[in-house]
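Remarks on the structure that follows.
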Amino acid sequence: MRQRPYHITKRDKEEGSRATSALRQVAALQKSAAEPRAGGIGAKACNEYTTTASCRFDTRCRYSHVLRAVAAKPEAHSQPIIWLAIGPIANGYELFTTGRDRKLIRWELQSESASVAGAAELFPVGAVSTTAGVARYTLVRTVVTPLAAVATALLLETDLLVVALGGGRVVGFAREGNLEFEVAGHQSDVNTMLLTRAPIANVLVTGDMQGAIRFSNPTRDAAGNPGFALGRQVLSPFPVTRVVQIQDTCFFIVGGVGFVATYDAQNDAWGALYKCEDQEEEEEGAIPGQGEVGQNRYSGPSGGGQNRYSGRSGGGQNRYSGQSGGGQSGGGRSGGGQGHNQGRSGGGPGPGGGGGRSPAVAICLSVLAVEQYYLAIFGGGEALCIDRQGQLQARLRLPTPKLLISAVYLQTPRGPRLITGHSDGKVIAMDLAAMTADWHLEAHDGDVRGMATATDQATGQAFFVTVSADRGIGVWTPTDGTDNKPPRTTNKPTRRGG
């Protein structure tokens, strides 16, 4: 007997839909139970309010009104931007950016006194306008300087603009783009630069991927032109990506691939050495290599013994640093013309692990001064809290949905926040006191390669600047907005008295 075909009824569809929904709920519950409670990415910032200063949903908006875009330049460079530095000038701030297009561009960030309305440049939504109490800025390009190679580090001080180029070359420029001096001596790309303060002031400190740290003293030639001459060179036990001076001391925090250490410049001695837990060793006593080629070993002082690390591969390396006003803040990085740091080997974009897990998560990208401590932040989200004596106080785990690339510390109306930029274009603000993420914003279409902070001297308004692989520059200011969720009401009738 031939069986009749079965026809799916409406009831079957409803039951199947309910079953699918239940399975999804179970899967979501299992996923949420497996994930740690702390370390979420917080509430999403309202994109419409961020770009237009208004929201059609008002207090019914499901997103947070905690951020404003006060300036934007979507196509600042012809190729991805990899470095950023900011400093104050008479009528606002000056901004320097470098990209893979081998150009150093100076911008003026000028505050607008009147309300301005126009098309949103960074986002395809609405218009940009100003509201009371929130300043609006304009980015004006002033000077474009061609570079001989892709920049690997950038330093901006009051009377000093220094650019590190691929191959270890370090040059100084005037504000008009004229070359003033050159510092030679590094054999590999310089990752970080620092101008020291008291008690050893005005010494240029540079560090590279071969672990060489150079202390150069300021000089002047016969014509009175400024420059720097080598005073001391030390070898780090690991490739160096960040050097920060502990305030009012001769001690430095040195961050690199997989490790953070302290260095006493007065006594020329290394102190404590702390390892990133995300670091994956290739062999005992060695740090993962920088690619499949050039695996030379270099020995350097590590406490009382010797420690080897592998040489760099052909091509540039990714860099991390930046300047925010007069002090250091987490900043951008450069890839030596190699894109963002994904840890591929053999000429790929960033240090490769030679076949193992990418060491990109174990690269120290920034060391920030946070209250009385210093926070050494790695790409995988691990942060080491170090006190002024160089002692490790705590290990923190930051929310990192994607690779963490840049970070700054900023005072906001909602309190101090650690703001991080990620490889998926997100910017996340974290409350370190509560160890929770406050909000996040999809700020760019590419990885957020550089960040810097500043405060408007006229209004006291704090803001931060981001640059990205999408070639855009964004200027953002946090507000005292909340999650804007309406109070919960019930449908129960109110009992009348009588």
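Reading the sequence shown from the start, the letters are residues 1 to 498 in full-length UniProt numbering.
Ideal placement from N, C-alpha and C gives every residue a C-beta, glycine not left out.
In DSSP terms, what residue i is bridged to
i: residue 277; result: The partner list for residue 277 (beta bridge, DSSP) is empty, contrary to what the question assumes.
i: residue 211; result: Residue 211 is not bridged to any residue.
i: residue 388; result: The partner list for residue 388 (beta bridge, DSSP) is empty, contrary to what the question assumes.
i: residue 81; result: 99
i: residue 218; result: 228
i: residue 422; result: 404
i: residue 254; result: 243, 261
i: residue 68; result: 477
i: residue 249; result: Beta-bridge pairing links residue 249 to no other residue.
i: residue 394; result: 385
i: residue 106; result: 96, 143
i: residue 453; result: 464
i: residue 169; result: 165
i: residue 427; result: 421, 441
i: residue 157; result: 160
i: residue 448; result: 468
i: residue 43; result: 439
i: residue 203; result: None, per the DSSP bridge assignment.
Residue closest to residue i, alpha-carbon to alpha-carbon, out of the options
i: residue 73; options: 479, 467, 481; result: 467
i: residue 375; options: 360, 417, 481; result: 417
i: residue 406; options: 370, 140, 135, 451; result: 451
i: residue 66; options: 197, 370, 469, 54; result: 54
i: residue 500; options: 161, 160, 150; result: Shown here, the chain extends from 1 to 498; a query on residue 500 therefore has no answer.
i: residue 138; options: 465, 469, 478, 194; result: 465
i: residue 387; options: 472, 422, 415, 249; result: 249
i: residue 512; options: 209, 360, 201; result: Outside the displayed span of the chain (1 to 498) sits residue 512, for which this structure offers no information.
i: residue 142; options: 106, 156, 161; result: 106
i: residue 79; options: 204, 432, 58, 102; result: 102
i: residue 144; options: 382, 104, 152; result: 104
i: residue 361; options: 247, 276, 202, 181; result: 276
i: residue 109; options: 99, 83, 98, 136; result: 136
i: residue 241; options: 272, 379, 477; result: 379
i: residue 226; options: 232, 377, 159; result: 159
i: residue 368; options: 89, 389, 243; result: 243
i: residue 75; options: 476, 470, 236; result: 470
i: residue 419; options: 389, 463, 457, 458; result: 463
i: residue 401; options: 410, 428, 389, 415; result: 428
i: residue 203; options: 231, 176, 222; result: 231
i: residue 377; options: 175, 458, 253, 389; result: 253
i: residue 207; options: 52, 174, 152, 45; result: 152
Residue i (DSSP reduced to helix, strand or coil)
i: residue 433; result: coil
i: residue 99; result: strand
i: residue 198; result: coil
i: residue 267; result: coil
i: residue 438; result: strand
i: residue 326; result: With a pLDDT of 37 at residue 326, under the threshold of 50, the modelled position of that residue is not reliable, and the figure given next carries that caveat. Three-state result, residue 326: coil.
i: residue 361; result: helix
i: residue 50; result: helix
i: residue 414; result: coil
i: residue 62; result: coil
i: residue 290; result: Because residue 290 carries a pLDDT of 32, less than 50, the predicted location of this residue cannot be relied on, and the following value inherits that uncertainty. Of the three classes helix, strand and coil, the one that applies to residue 290 here is strand, per DSSP.
i: residue 91; result: coil
i: residue 136; result: strand
i: residue 75; result: coil
i: residue 182; result: strand
i: residue 382; result: strand
i: residue 366; result: strand
i: residue 187; result: coil
i: residue 236; result: coil
i: residue 148; result: coil
i: residue 174; result: coil
i: residue 376; result: strand
i: residue 192; result: strand
Cβ-Cβ separation, residue j to residue i (assumed contact under 8 angstroms), whole Å
i: residue 268; j: residue 251; result: About 12 angstroms separates the two Cβ atoms, so there is no contact after all.
i: residue 258; j: residue 245; result: Wrong, their Cβ atoms sit about 22 angstroms apart, outside the cutoff.
i: residue 274; j: residue 384; result: 6 angstroms
i: residue 421; j: residue 442; result: Wrong, their Cβ atoms sit about 12 angstroms apart, outside the cutoff.
i: residue 541; j: residue 364; result: As displayed, the chain neither begins before 1 nor continues past 498, which places residue 541 out of reach and without an answer.
i: residue 163; j: residue 183; result: Not a contact, Cβ separation roughly 11 angstroms.
i: residue 461; j: residue 455; result: 7 angstroms
i: residue 154; j: residue 98; result: 6 angstroms
i: residue 478; j: residue 399; result: In fact, because the Cβ distance is near 17 angstroms, the residues do not count as touching under 8 angstroms.
i: residue 111; j: residue 92; result: 5 angstroms
i: residue 237; j: residue 228; result: The pair is not a contact, with the Cβ atoms about 25 angstroms apart (cut-off 8 angstroms).
Contact the region 439-449 vs the region 387-394: 3+ CB pairs below 8 angstroms: No, the region 439-449 does not touch the region 387-394.
At least three beta-carbon pairs within less than 8 angstroms, the region 421-440 to the region 70-89: Verdict: no, contact absent.
Stretch pair the region 211-227 + the region 185-202: three plus CB contacts closer than 8 angstroms: Put simply, the region 211-227 touches the region 185-202. At least three CB pairs are less than 8 angstroms apart.
Inter-stretch contact at 8 angstroms, needing at least 3 Cβ pairs: the region 173-181 / the region 194-210: No, they do not touch.
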